[in-house]
Amino acid sequence: MICFLFPGQGSQKPGMGKAWVDHPSWELVGEASDATGRDISYLLLDATSEELSFTRNTQLATFVMSMVALDSVERLGIVPQLVAGHSLGEYSALVASGAVAFDAGARLVSERSEAMAVAAEESPGSMAALLGIEDSAAEEACSEVDGVWVANYNSAGQVVIAGTKDGVAAACDVAKTLGAKRAMIIPVGGGFHTPLMNSAIPRLQKALDSVRFYDSEVPVVANVDAAEHMLASDWSGLLLHQLTSPVKWSQSLKLIAEYNPTVMVEVGPGAVLTGLVKRAMPDATVISVSTPDQLDDLVAAVSATGPLHDFATTHHGEHLFMQERLVVSPLAGIFTTAAQASSGEPLKEGATISVGDPIGTINGHEVRSPFEGTLMGMVAVDGERVGSSQPLAWLRIEGVSR
């Protein structure tokens, strides 16, 4: 069982896209730029630390970087059975689960970041990390000071609080009397995940109303309630509530642990969530994929947990997000369509394809599907000379379970 985790704001760094520019998944950067009207390539390649510190920039940059990493992983045929994301990362998780389309997700993140930035300007705030403190003590510290709330339950002994600047400073002092070993102010411009974000709700609501959600292909563990959700109808309310409610990350990891995942993958920039997982689940296998050279580590980790199809070690799949997949060629040569097992006839539109089923051969090399679904059509024809990474078949996976 594989679980994908997606990072939130704070995992970004200057130049984080440079390792990806020659990877096929980089094409998503252009698609996201078209969808949002923002120069995301600049954010990922040339933006300074100061520029990336602005909420308007960091959320969109982190989301797109996570999507590039996700696309690279799913091209290997490695897909999750459970997903979760920390704060902003929840939007990445929704795209990964098929609950929302990639371009729609990019537009949502763009609107969310703008709404939160404006709210932070209207109601300035601060955040602080409390270390070595019980959740209940952190809650007590907040209750003794006006305008301060718990914003993130990150792990045992690590709680983030947020609110007005004076309130957060006062709550830090109270927390130290209640057992906190350290209290560190986080350099952000807003009191995120608190009522200070109330003014962001109308703009995000409008954006959510313009987007179509789908029942997800796999469960998504939500920040608001640390429960799994798959229904399209759940997400508008959950994402609105998330703006002003604490991220229940430590509680989410407890639920994920009940699934006993064989591999957990942090997909996107940084390794913040990897550290939190190791603290909460010391025996778990957790891999961070923030650069292309970490893909080999992922394949090795997945292979170590059980049989892995040969196709999963090479580029045989292209993720279209949501409910469509392309099976692509791993090499150049002459393509021959595979025969259906039931009839012996060449694969045709409407055929049911399972993971590992042959799609065809190229110069005698069998190409198998890393996905399951309904064949919507062959993109390559018998006798065609295909190139490496050229699409061969188009699958729709709506209504097909993994």
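Residue numbers (this note's numbering): 883 to 1284. Glycine included, every Cβ here is placed at the ideal spot set by N, Cα and C. Note that the coordinates shown come from a computational prediction; the quantities given were computed from them, not determined experimentally.
For the candidate residues the options, whose alpha-carbon lies nearest to that of residue i?
i        : options                                : result
Thr-930  : Leu-910, Arg-938, Lys-895              : Lys-895
Gly-1238 : Lys-1230, Gly-1232, His-1247, Ser-1251 : Ser-1251
Asn-1105 : Pro-1006, Val-1129, Phe-945, Leu-1086  : Val-1129
Thr-1117 : Asp-1091, Gly-1226, Ile-1138, Gly-959  : At residue 1117 the sequence reads Trp, which differs from the Thr that was named. It is Asp-1091.
Ala-1109 : Lys-1136, Gly-1226, Lys-1063, Ala-1020 : Lys-1136
Val-903  : Ile-922, Gly-892, Gln-891, Ser-893     : Ile-922
Leu-990  : Asp-1048, Leu-970, Ile-1138            : Leu-970
Val-1147 : Leu-1013, Val-961, Phe-945, His-1111   : Val-961
Arg-1278 : Ala-1139, Met-1258, Glu-1266           : Met-1258
Pro-906  : Ser-954, Tyr-924, Ala-1162             : Ser-954
Asp-928  : Glu-956, Gln-1133, Gly-1232, Met-898   : Met-898
Arg-1161 : Met-1112, Thr-1173, Ala-1139           : Ala-1139
Glu-933  : Thr-1156, Glu-909, Gly-892             : Gly-892
Val-1268 : Ser-1236, Thr-1218, Gly-1226, Lys-1230 : Thr-1218
Arg-1299 : Leu-1155, Thr-1234, Ala-1233, Gly-1014 : Past the edges of the chain, shown from 883 to 1284, lies residue 1299, and the structure says nothing about it.
Val-946  : Ile-1169, Val-1249, Ala-1214, Trp-908  : Trp-908
Gly-1072 : Val-1042, Ser-1170, Glu-1016, Val-1249 : Val-1042
Ala-988  : Gln-963, Glu-956, Ser-948              : Ser-948
Leu-1060 : Gly-1039, Gly-1246, Ser-1127           : Gly-1039
Leu-964  : Arg-1207, Val-1145, Phe-1074           : Val-1145
Met-1079 : Val-1000, Val-1100, Leu-926, Asp-1028  : Val-1000
Ile-1067 : Gly-1215, Ala-1214, Lys-1047           : Lys-1047
Met-883  : Ser-1134, Val-1100, Phe-1074           : Val-1100
Trp-1131 : Pro-1143, Trp-1276, Ser-1115, Val-1154 : Val-1154
Asp-1107 : Gln-1133, Leu-926, Ser-1224, Phe-1253  : Gln-1133
Arg-1094 : Ser-1225, Phe-1253, Tyr-1035, Ala-1114 : Ala-1114
Arg-957  : Arg-1207, Gly-1232, Trp-1276, Ala-1233 : Arg-1207
Ala-833  : Ser-1081, Gln-1087, Asn-1036, Asp-1017 : Here the chain covers residues 883 to 1284 and nothing more, so residue 833 does not appear.
His-968  : Asn-1036, Gly-1232, Leu-1177, Glu-993  : Asn-1036
Val-1249 : Ser-1225, Gly-1215, Ser-935            : Gly-1215
Leu-1086 : Asp-1179, Ser-1172, Glu-1231, Ser-992  : Ser-992
Could you tell me whether the Cβ atoms of residue i and residue j are closer together than 7 angstroms?
i        : j        : result
Met-1009 : Thr-937  : no
Gly-1150 : Ala-951  : yes
Ala-1221 : Pro-1212 : no
Asp-985  : Ala-1089 : no
Pro-1273 : Val-1261 : yes
Leu-1122 : Ile-1083 : yes
Ala-966  : Val-1103 : yes
Tyr-1096 : Gly-980  : yes
Val-1209 : Ile-1244 : no
Gly-1007 : Gly-959  : no
Thr-1076 : Ala-1019 : no
Gly-879  : Val-1030 : The structure shown does not extend to residue 879, since the chain is modelled only from 883 to 1284, so the question has no answer here.
Pro-1174 : Ala-901  : yes
Ile-1235 : Gly-1255 : yes
Thr-1187 : Ser-1170 : no
Ser-1005 : Gln-941  : no
Val-1181 : Val-1168 : no
Ala-1127 : Met-1112 : Looking at the sequence shown, residue 1127 is not Ala but Ser. No, they are not a contact pair.
Leu-1012 : Ala-1062 : yes
Leu-925  : Asn-939  : yes
Name the DSSP beta bridge partners of residue i, please?
i        : result
Met-1066 : Ala-1011
Val-1147 : Phe-886, Ile-1169
Arg-1267 : Ile-1216
Ile-1043 : Ala-1010, Val-1032
Pro-1273 : Val-1210
Val-1184 : Paired residues: none, contrary to the question.
Arg-1250 : Pro-1240
Ala-1153 : Partner(s): none; Ala-1153 has no beta bridge.
Lys-1130 : Tyr-1035
Leu-1257 : Leu-1277
Ile-1235 : Gly-1255
Pro-1228 : Ala-1221
Could one say the Cβ of residue i lies closer than 7 angstroms to chain D's Cβ atoms, at least one of them?
i       : result
Ser-969 : Checking the listed chains, one finds no chain D in this structure; it contains a single protein chain.
Could you check if residue i belongs to the surroundings of the ligand GDP, using beta carbon to heavy atom distance under 6 angstroms?
i        : result
Glu-1231 : With respect to small molecules bound, the structure shown includes none, and the ligand GDP cannot be examined in it.
Would you mind listing the beta strand (DSSP E) stretches within the region 959 to 1041 that are 3+ residues and don't spill past its ends, in chain order? As for any beta strand (DSSP E) of minimum length 3 sitting wholly inside the region 959 to 1041, the runs are 964 to 967, 1008 to 1013, 1030 to 1037, ordered along the chain.
Complete runs of the beta strand (DSSP E) confined to the region 887 to 963 [at least 3 residues]: Complete beta strand (DSSP E) runs here, min 3: none at all.
My parser needs the beta strand (DSSP E) runs of 3 or more residues fully inside the region 1072 to 1121; what are they? none
Touching or not, the region 886 to 894 and the region 973 to 990, by the rule of three or more beta carbon pairs under 8 angstroms? Flag = yes, the region 886 to 894 and the region 973 to 990 touch.
Does the region 904 to 919 come within contact of the region 980 to 995, defined as at least 3 CB pairs closer than 8 angstroms? yes
Sufficient close CB pairs (3 or more, under 8 angstroms) joining the region 1020 to 1038 to the region 1051 to 1068: yes
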